[in-house]
Each structure stands twice: as C-alpha cells, then as structure tokens.
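Those sequence lines, one after another, are chains P and X. Take the first sequence: its position 72, counted from the start at 1, is 524 in the numbering used here, and no numbers get skipped. Take the second sequence: its position 42, counted from the start at 1, is 47 in the numbering used here, and no numbers get skipped. To start, the structure under review is shown below, and the notes come after it.
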Amino acid sequence: QQQVKQSPQSLIVQKGGISIINCAYENTAFDYFPWYQQFPGKGPALLIAIRPDVSEKKEGRFTISFNKSAKQFSLHIMDSQPGDSATYFCAASRRMGFQKLVFGTGTRLLVSP
Amino acid sequence: DGGITQSPKYLFRKEGQNVTLSCEQNLNHDAMYWYRQDPGQGLRLIYYSQIVNDFQKGDIAEGYSVSREKKESFPLTVTSAQKNPTAFYLCASSMGTGSNEKLFFGSGTQLSVL
C-alpha cells in the first residue's frame, strides 16, 4: 500500500512534443503528490506538486493531472525541450503529521533536438 | 547562498571498512533525511531526523547508522554490515512542520566498493 508505481521507465520525445509520465498509488491516505526533476549527478529538485482538492495544476509548460477515483496522477510536459532531459520522480505522502515521501521508480526522459 | 552540502562527491570503500558521508545544511531546517538511489529504482529512505538528538529508521536502515548532534549536520555511516553499499546517496532537508513538504536535496555522494 505504500508503493507508488511509475511508468514508463524511459521516454524519448522529439523537441516540441508532449511528454507524459504516469503514476498510480494504492494508499488512500496519500494527499500530497509532488514531482521531482533530477539532472545527472545532481539531487532531485521539486518541480510541481498537487493536492487532491484539484484535478489539475499547471506551471508554465508543466501540468499535473490528478484522478482521485482512479488513484492516478500524471505529469505532462508541453513543448518539450532538450533542456527537459532528466529523470522525473513522482512521489506521494500524507499531508498531516510528519510526512515521509514515497517515491516512484523514476522516468528517464530524453528530448531529441 | 543557502543549501545542502554533501561531501565527498565520490567515495570508495574497502572490504570491512566503515565510511561516513557528510551532510550539512544552512537552511535552518528541522528535518533531515538520507536516501539511497540505485539505477532504475526510486529513492529509498534510510534514516530521517525530525529534530536534533532524535532520528528514526527508514525503509532500508540495516547496515547504516546516523547521528544528529547539531541542527545543521546529519552524517551517515555506511558500516561493514551493509553488504551492497554501492549506490548514490542523497541527503535532504525540509522545514519539518508538516505544512511545507518540499524537500531540498544535496548533490549526492557516489559510493563505490573497491
């Protein structure tokens, strides 16, 4: 119940295309869903996050879509750029109390020029 | 310039040796964490600390030890009991209040076995 399943493991998208990464969870107590972006040799950095009171959150070219009934959420990167090439991790945690993030297994995105 | 500093960037361990990874933060965060990252796997929590002089085991604590004597510092020791220590180790911190869950990560330490 603590797992967050992420797919695909790797993704190649042409410049200007849409990158889509999906995650699913089982624990209905999860109510905070962030996405982290990691460049090679660096630590992850928070990209965007959503709480289940909204179905979508957009920040620039990055959008999180959230489906509470299906227990799924996804990251969409519009107009993908070579600079977006990185590994993306979804995560989930409970908002109340001291939170411990549960991470997905990561998606390596390559945006070809 | 606030942030988290991990050192060294690369570390090699000999058989039967204990090694210590350093993590220092100047963000005035109460909570600190150690994660292990293996290729093709997510980040797995080793230990975390909500406050000075207190820490809890995460999901994969066996073969590791930590201390939290100062708010700014949370060193991780990889002991000889950890039979598969080769991995990328990430230290992180957060405010720890529960109301702001953003994690700030260091740049990591790559540990390899000689």
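Heads up, the beta-carbon is just placed ideally off N, CA and C, and yes, glycines get one too. This one's a predicted model, so the numbers in the text were calculated from it and none came from an experiment.
(request) Under 8 Å between beta-carbons, which chain P residues line up against residue 60 (chain X)? List them in chain order, please. (result) Neighbours of residue 60 (chain X) on chain P: none; closest Cβ ~12 Å, over 8 Å.
(request) Tell me whether residue 565 (chain P) sits in a helix, a strand or coil according to DSSP, three-state version. (result) Correct three-state label for residue 565 (chain P): coil.
(request) Drop a sphere of 10 angstroms on the beta-carbon of residue 105 (chain X), count the other beta-carbons inside from all chains shown, and report buried for 16 or more, exposed for fewer. (result) Bear in mind that a pLDDT of 49 at residue 105 (chain X), under 50, signals an unreliable position, so the model cannot answer this.
(request) Report the option in P:541, P:456, P:517 whose CA atom is closest to the CA atom of residue 462 (chain P). (result) P:541
(request) Let me know the secondary structure DSSP gives residue 460 (chain P) once reduced to three states. (result) coil
(message) Can you tell me which residues form a DSSP beta bridge with residue 59 (chain X)?
(response) DSSP, once it has assigned bridges, lists X:56 as partnering residue 59 (chain X).
(request) Kindly indicate which residue of X:96, X:19, X:29 has the alpha-carbon position closest to the one of residue 84 (chain X). (result) Taking residue 84 (chain X) as reference, the option from X:96, X:19, X:29 with the minimal CA-CA separation is X:19.
(message) Taking its Cβ as the centre, do 16 or more other Cβ atoms sit within 10 Å of residue 495 (chain P), making it buried, or is it exposed?
(response) It is buried - the Cβ of residue 495 (chain P) has at least 16 other Cβ atoms within 10 Å.
(message) Looking only at its chain, what residues have a beta carbon closer than 8 Å to the beta carbon of residue 119 (chain X), apart from the 5 residues adjacent to it on each side?
(response) 17, 18, 19, 20
(request) Confirm, please, whether the CB-CB distance from residue 503 (chain P) to residue 477 (chain P) is below 7 Å. (result) no
(request) Enumerate in chain order the residues of its own chain whose CB-to-CB distance from residue 62 (chain X) is below 7 Å, with the five nearest sequence positions on each side excluded. (result) 52
(request) Give the straight-line distance between the Cα atoms of residue 44 (chain X) and residue 57 (chain X), rounded to the nearest whole angstrom. (result) 32 Å
(message) I need the straight-line Cα distance from residue 88 (chain X) to residue 68 (chain X), nearest angstrom please.
(response) 8 Å
(message) For a contact defined as C-beta to C-beta under 7 Å, what are the partners of residue 107 (chain X) on chain P?
(response) 498
(request) Check the Cβ of residue 46 (chain X) against every Cβ in chain P and list those closer than 8 Å, keeping chain order. (result) 557, 558
(request) Verify whether the separation of the beta carbon atoms of residue 46 (chain X) and residue 93 (chain X) is less than 7 Å. (result) no
(request) Would you tell me roughly how many angstroms separate the C-alpha atoms of residue 117 (chain X) and residue 505 (chain P), rounded to the nearest one? (result) Our two residues, residue 117 (chain X) and residue 505 (chain P), have alpha carbons roughly 44 Å apart in a direct line.
(request) Leaving aside the five residues before and after residue 532 (chain P) along the sequence, list all residues of the same chain whose C-beta is less than 6 Å from its C-beta, in chain order. (result) These residues qualify, in order along the chain: 465, 469, 471, 563.
(request) Give a yes or no on whether 7 Å exceeds the smallest Cβ distance from residue 117 (chain X) to chain P. (result) no
(request) Starting from residue 79 (chain X), find everything on chain P with Cβ-Cβ shorter than 8 Å and list it in chain order. (result) By Cβ distance, chain P contributes nothing, its closest Cβ being about 14 Å from residue 79 (chain X), past 8 Å.
(message) Just to make sure I have the definition right: I need the residues of chain P whose C-beta is within less than 9 Å of the C-beta of residue 112 (chain X). Which are they?
(response) Under the 9 Å cutoff, chain P gives 493, 494, 495.
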